[in-house]
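In what follows, a single structure is set out as structure tokens and then discussed.
In the working numbering, the protein residues as written are 555 to 742.
See below:
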């Protein structure tokens, strides 16, 4: 965790409170799943509630712009705390040989905080009936991760392609206009 703070913002004319933080993978291994728990406290330092959010991929050196919303009246909260509660690796192979993303693109709808990543994945591995996972990721203008999704395909035969569209939810609706780039991470 490199930083975290509780703030109140007013998107679309209503107030919401949230903990905003930056979570960096300082290790040498790619993390398959990273979860943070937002803890919200009142003025007497009583814990009001907790909420968990997660992403599905964080490479070494990458930073995730985490956002944990408080779902009640934000004036009840005096402070917030962000705690990393999960950081796991996977035995799966990242970017397996013989599988490639041959094309991809990102559309950012103006009325939705879920950019759409479209991709074509090709199997040239020589393996029929392959199982493959894809993790579409959205990056901000500063290179930080804003959100991830996950999708999978079974039965992908050698020489065939898999086309998909996946929505990546950006938890802070005000950050949708920060969506600047994308990546599709493959796992087998």
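Where is the CB? At the ideal position from N, CA and C, for every residue including glycine.
If you're wondering where the values come from, they're calculated on a predicted model, not measured in any experiment.
Using the three-state DSSP reduction, which class does residue i fall into: helix, strand or coil?
i           : result
residue 714 : coil
residue 728 : helix
residue 610 : coil
residue 583 : coil
residue 629 : helix
residue 742 : coil
residue 696 : coil
residue 720 : strand
residue 735 : strand
residue 619 : strand
residue 569 : coil
Measure the alpha-carbon distance for residue i versus residue j and round it to whole angstroms.
i           : j           : result
residue 721 : residue 647 : 23 Å
residue 621 : residue 733 : 15 Å
residue 577 : residue 729 : 16 Å
residue 606 : residue 654 : 33 Å
residue 585 : residue 714 : 29 Å
residue 717 : residue 598 : 53 Å
residue 616 : residue 644 : 17 Å
residue 697 : residue 674 : 23 Å
Assuming residue i and residue j are in contact, meaning their beta carbons sit under 8 Å apart, how far apart are those beta carbons, in whole angstroms?
i           : j           : result
residue 602 : residue 574 : Actually they are not in contact, since the Cβ atoms of residue 602 and residue 574 sit about 17 Å apart, beyond 8 Å.
residue 587 : residue 642 : 5 Å
residue 688 : residue 637 : Going by Cβ atoms, the distance from residue 688 to residue 637 rounds to 29 Å, so no, they are not a contact pair.
Got a sec? Which residues, its chain only, sit under 8 Å from residue i by beta carbon, not counting five neighbours each side?
i           : result
residue 692 : 660, 669, 671, 699, 700, 701, 702, 722, 724, 733, 735 and 736
Quick one: complete alpha helix (DSSP H) runs, 4+ long, within the region 648-687? Taking only runs of at least 4 residues, no alpha helix (DSSP H) segment lies wholly in the region 648-687.
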